[in-house]
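One structure is given here, and the rest of the page talks about it.
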Amino acid sequence: MFLDIVALHLGALHPYEKVLTLLLAFGPFVLLGIVVAVRRRQDAAEDAAAEAAQEPGEGASEPATRGRPGSPS
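Residue 62 in full-length UniProt numbering is what sits at position 62 of the sequence shown, and the numbering runs on without skipping anything.
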């Protein structure tokens, strides 16, 4: 149903033009979502590695944020 509404809204475009229009409209948001997901996984892996490398008893309550912009080094 959604594609039917989009097709009616776009008018008489060729099929490849419809695909290109939809890619231009929604592609950047999809790409942004992928980039955010990848960066979150990398940050989580860095945090886990920093916690594993941290010796017990030495600042165990401090979050491992060293090296990130805006955090105290």
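Think of the CB as a built atom: it goes at the ideal place given N, C-alpha and C, for glycine as much as any other residue. Model, not experiment: these values are computed from the prediction.
Coarse secondary structure for residue i, derived from DSSP in three states
i, result
"proline 56", "coil"
"glycine 33", "helix"
"alanine 49", "helix"
"histidine 14", "coil"
Backbone CA spacing between residue i and residue j [nearest angstrom]
i, j, result
"aspartate 43", "glycine 11", "45 Å"
"valine 30", "glutamate 46", "25 Å"
"histidine 9", "arginine 41", "38 Å"
"isoleucine 34", "proline 28", "10 Å"
"residue 112", "leucine 24", "The requested residue 112 does not occur in the structure, where the chain is confined to residues 1 to 73."
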